[in-house]
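*Asks:*
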Amino acid sequence: MSTVGRNEPCPCGSGKKYKKCCENVVNIDTLVSQELDVLQAQLYDFIATAQSAEMEESYHHYLSKMDLMQADPDIYEMAFVSWYGTTQKDADGVRLIERFVDKQLSTVTRPQTAEVLESWKNVRVTAGTVEKLDDNTLRVGEAITGDTLIVTEKFGKLEENSFFLGLLLPNGEKYLPFAQYFIYPAIEKAAMELVKIRFEQGEFETLHDYLSGQYLEIADVGFVLYSAEKKKAGKAASTGKASVESDAEKDSADSIEGVEIWKTPEYNEAITSLQTFLTEKGEDKKESELLVAVLEKYFYTERPTIRNPKIYSGAMVDMAKNIDEISIRHVQKELAEYFDVSANSISRRSKQIWESYQDTVYELLKTTNA
Numbered sequence: 010m011s012t013v014g015r016n017e018p019c020p021c022g023s024g025k026k027y028k029k030c031c032e033n034v035v036n037i038d039t040l041v042s043q044e045l046d047v048l049q050a051q052l053y054d055f056i057a058t059a060q061s062a063e064m065e066e067s068y069h070h071y072l073s074k075m076d077l078m079q080a081d082p083d084i085y086e087m088a089f090v091s092w093y094g095t096t097q098k099d100a101d102g103v104r105l106i107e108r109f110v111d112k113q114l115s116t117v118t119r120p121q122t123a124e125v126l127e128s129w130k131n132v133r134v135t136a137g138t139v140e141k142l143d144d145n146t147l148r149v150g151e152a153i154t155g156d157t158l159i160v161t162e163k164f165g166k167l168e169e170n171s172f173f174l175g176l177l178l179p180n181g182e183k184y185l186p187f188a189q190y191f192i193y194p195a196i197e198k199a200a201m202e203l204v205k206i207r208f209e210q211g212e213f214e215t216l217h218d219y220l221s222g223q224y225l226e227i228a229d230v231g232f233v234l235y236s237a238e239k240k241k242a243g244k245a246a247s248t249g250k251a252s253v254e255s256d257a258e259k260d261s262a263d264s265i266e267g268v269e270i271w272k273t274p275e276y277n278e279a280i281t282s283l284q285t286f287l288t289e290k291g292e293d294k295k296e297s298e299l300l301v302a303v304l305e306k307y308f309y310t311e312r313p314t315i316r317n318p319k320i321y322s323g324a325m326v327d328m329a330k331n332i333d334e335i336s337i338r339h340v341q342k343e344l345a346e347y348f349d350v351s352a353n354s355i356s357r358r359s360k361q362i363w364e365s366y367q368d369t370v371y372e373l374l375k376t377t378n379a
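Residues are numbered in our numbering as their position in the sequence shown, beginning at 1, plus a constant of 9.
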């Protein structure tokens, strides 16, 4: 890059010497950028110092569910604070980011800065594939929508096949990542499939709506998937050759080192409730495992949207009456009382699963008895 001598003509074309013209003029974009950096820091502090019983309860609720983010409290806290303040509404239906913007607008004198600050109310929660354009720019191919988002920040090294998850503050036609964002190498394919599956399972109109509720869970699963991928890569490197997948491994494409990414919290609740019931009733272990396996197969294949997981738990036990080869027998009234659902709901779901999956039941029976 060439430099301009202080006594040379100013490159702006004014005819004046550089030292008498633009030498000490700071680019307006630089000033706005500096002001936005300060406002971002103030926004985070505003959220972090907000006191409410709801926020405290939410903090501990999500922390208890985070498998790997618990290992790094600083990352979890920053992720929680930034997510909560930009997406969660208080009793009045207002988010903390909206309160901050309304409070700070009167203190911002530069129109360009004020315009961007006002737009921050439209924070965008996103996930997708990521490509580094230069040291200060990322291009994110958003999941579900297919939109291309340009994100500006000072980024370090970025590996191929990386997955991006973040809260984006609008900045004109580009975006600024707010506080804690995540870039996971090597898991782009699995993570994008996870987002797609869970989005389709829910009743969401937009990706933003889905991620506003599931941001922390996706962040934590990202850690799990990435850790598993590193472990798998380490094993392959230690053997000096690529591993060959078995048929069983290929059938478990949605499971990485035991992390079954297709399972939603509702699926897990239904499966856990079924296991708990069978254990409490002292049912045969192999027969119990058969019913659990059928329910998992049903969820994996059908991917139903579940409103009450325990209906499926009760239905699976009720369905057992159709299987002569096992001894598990419980009447619908007992199941309805235990799972706190209606007997009719159990009956309808049991009949539906049996009609669709009796062949699967007998296939699994053969495997169990082999």
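Cβ atoms here follow ideal geometry from the backbone N, Cα and C, with glycine treated the same way. It should be emphasised that the depicted structure is a prediction, and the values quoted were computed from it without experimental measurement.
Whole angstroms are fine: how far does the CA of S91 sit from the CA of T58?
*Replies:* In the sequence shown, residue 58 corresponds to position 49, counting from 1. In the sequence shown, residue 91 corresponds to position 82, counting from 1. Cα-Cα distance, rounded: 12 Å.
*Asks:* Would you kindly report the start and end of the unbroken alpha helix (DSSP H) that includes E151?
*Replies:* Along the sequence shown, read from residue 1 onward, the residue named residue 151 stands at position 142. Run containing E151: none in the alpha helix (DSSP H); it sits in the beta strand (DSSP E), 146-151.
*Asks:* Mind listing, in chain order, the continuous alpha helix (DSSP H) runs of no fewer than 4 residues lying wholly within the segment 147-221?
*Replies:* 197-210
*Asks:* In the DSSP assignment, what residue or residues form a beta bridge with G137?
*Replies:* As a first step, residue 137 is located in the sequence shown; it is residue number 128 there, counting from the start. Answer by DSSP bridge pairing, in chain order: E151, F173.
*Asks:* Report the partner residues of P318 according to the DSSP bridge assignment.
*Replies:* Here residue 318 corresponds to residue number 309 of the sequence shown, with the count starting at 1. The partner list for P318 (beta bridge, DSSP) is empty, contrary to what the question assumes.
*Asks:* Per the contact definition of three or more C-beta pairs closer than 8 Å, is the segment 327-347 in contact with the segment 290-310?
*Replies:* Touching, per the Cβ criterion.
*Asks:* Given this structure, state the Cα-to-Cα distance separating V326 from A279, to the nearest angstrom.
*Replies:* Sequence index remark: in the sequence shown, residue 326 carries index 317 (1-based). Sequence index remark: in the sequence shown, residue 279 carries index 270 (1-based). Taking the straight line joining both Cα atoms gives about 12 Å.
*Asks:* Sorted by chain position, which residues of the same chain lie with C-beta nearer than 8 Å to T116's C-beta, five sequence neighbours on each side aside?
*Replies:* Within the sequence shown, numbered from 1, the residue matching residue 116 stands at position 107. Result list for T116: empty, nothing under 8 Å.
*Asks:* Based on Cα-Cα distance, which residue from G222, K141, L178 lies nearest to K98?
*Replies:* Position 89 of the sequence shown, counting from 1, holds the residue named residue 98. The residue with the shortest Cα to Cα distance from K98 is G222.
*Asks:* How about G211 and T314: are their beta carbons less than 8 Å apart?
*Replies:* Counting from one through the sequence shown, the residue named residue 211 turns up at place 202. Counting from one through the sequence shown, the residue named residue 314 turns up at place 305. Yes, Cβ-Cβ distance for G211 and T314 is below 8 Å.
*Asks:* Could you tell me how far apart the beta carbons of V125 and T96 are, in whole angstroms, since I believe they sit closer than 8 Å?
*Replies:* Reading the sequence shown from its first residue, position 116 is the one you call residue 125. Reading the sequence shown from its first residue, position 87 is the one you call residue 96. The pair is not a contact, with the Cβ atoms about 19 Å apart (cut-off 8 Å).
*Asks:* Could you pull out every residue in the same chain whose Cβ sits closer than 6 Å to the Cβ of D111, ignoring the five residues on either side in sequence?
*Replies:* Numbered from its first residue, the sequence shown carries residue 111 at position 102. Once the five neighbours on either side are set aside, D111 has no close Cβ partner at all.
*Asks:* State yes or no: is the C-beta of V41 within less than 8 Å of the C-beta of R119?
*Replies:* Taking the first residue of the sequence shown as position 1, residue 41 is located at position 32. Taking the first residue of the sequence shown as position 1, residue 119 is located at position 110. Yes; because the gap between Cβ atoms is below 8 Å, this pair is in contact.
*Asks:* Report the option in S351, L45, Y219, D143 whose CA atom is closest to the CA atom of K166.
*Replies:* As a first step, residue 166 is located in the sequence shown; it is residue number 157 there, counting from the start. The candidate whose alpha carbon is nearest that of K166 is D143.
*Asks:* Compare the Cα-Cα distances from K141 to each of T122, P194, L105, K130 and report the closest residue.
*Replies:* Within the sequence shown, residue 141 is the residue found at index 132, counting from 1. Looking at the Cα atoms, P194 is the closest of the given residues.
*Asks:* Please look up how many angstroms separate the CB atoms of F191 and A228, rounded, as I've assumed it's under 8 Å.
*Replies:* In the sequence shown, counting from the first residue as 1, residue 191 sits at position 182. In the sequence shown, counting from the first residue as 1, residue 228 sits at position 219. The Cβ separation is near 5 Å, so the contact holds.
*Asks:* Going by other Cβ atoms of all chains shown within 10 Å of its Cβ, with 16 needed for buried, is L114 buried or exposed?
*Replies:* In the sequence shown, the residue the question calls residue 114 occupies position 105. It counts as exposed.
*Asks:* With DSSP as the reference, label P120 as helix, strand or coil.
*Replies:* Position 111 of the sequence shown holds residue 120. Here P120 sits in helix by DSSP.
*Asks:* Decide if the segment 147-164 is in contact with the segment 199-206; the criterion is three or more beta carbon pairs, one per stretch, under 8 Å apart.
*Replies:* Inter-segment contact for the segment 147-164 and the segment 199-206 is present: three or more beta-carbon pairs are separated by less than 8 Å.
*Asks:* Where do the N-terminal and C-terminal ends of the alpha helix (DSSP H) with I393 fall, by residue?
*Replies:* Within the shown structure, residues of the chain are numbered from 10 to 379, placing residue 393 beyond reach of any answer.
*Asks:* Can you tell me the Cα-Cα spacing of A324 and Y71, whole angstroms?
*Replies:* One-based indexing of the sequence shown puts residue 324 at position 315. One-based indexing of the sequence shown puts residue 71 at position 62. Straight-line Cα distance between these residues: approximately 30 Å.
*Asks:* What did DSSP end up calling D99 once you bin it into helix, strand or coil?
*Replies:* Sequence index remark: in the sequence shown, residue 99 carries index 90 (1-based). Three-state DSSP puts D99 in coil, outside helix and strand.
*Asks:* What does D143 pair with, by DSSP beta-bridge criteria?
*Replies:* In the sequence shown, counting from the first residue as 1, residue 143 sits at position 134. DSSP, once it has assigned bridges, lists T146 as partnering D143.
*Asks:* Thinking C-beta only, is I332 closer than 8 Å to V341?
*Replies:* Counting from 1 along the sequence shown, the entry for residue 341 is found at position 332. Counting from 1 along the sequence shown, the entry for residue 332 is found at position 323. Note that residue 341 is Gln in the sequence shown here, rather than Val. For Q341 and I332, no; Cβs fall outside 8 Å.
*Asks:* Just the Cα atoms here: how many angstroms apart are Q189 and Y68?
*Replies:* One-based indexing of the sequence shown puts residue 189 at position 180. One-based indexing of the sequence shown puts residue 68 at position 59. Using only the alpha carbons, I get a separation of about 15 Å.
*Asks:* I need the DSSP call for L374, collapsed to helix, strand or coil.
*Replies:* If you number the sequence shown from 1, residue 374 lands on position 365. Three-state result, L374: helix.
*Asks:* Which of the three DSSP states is assigned to K330 in this structure?
*Replies:* Looking up residue 330 in the sequence shown gives position 321. DSSP places K330 within a helical segment (H, G or I) once states are collapsed to three.
*Asks:* Could you pull out every residue in the same chain whose Cβ sits closer than 7 Å to the Cβ of S171, ignoring the five residues on either side in sequence?
*Replies:* As a working note, residue 171 is residue 162 in the sequence shown. Same-chain partners within the cutoff: V139, I192, Y193, P194, E197.
*Asks:* If you reduce the DSSP assignment to three classes, tell me which class K342 lands in.
*Replies:* Stepping through the sequence shown from its first residue, residue 342 is reached at position 333. Reduced to three states, the DSSP call for K342 is helix.
*Asks:* In three-state terms, what does DSSP make of R104?
*Replies:* Position 95 of the sequence shown holds residue 104. Three-state result, R104: strand.
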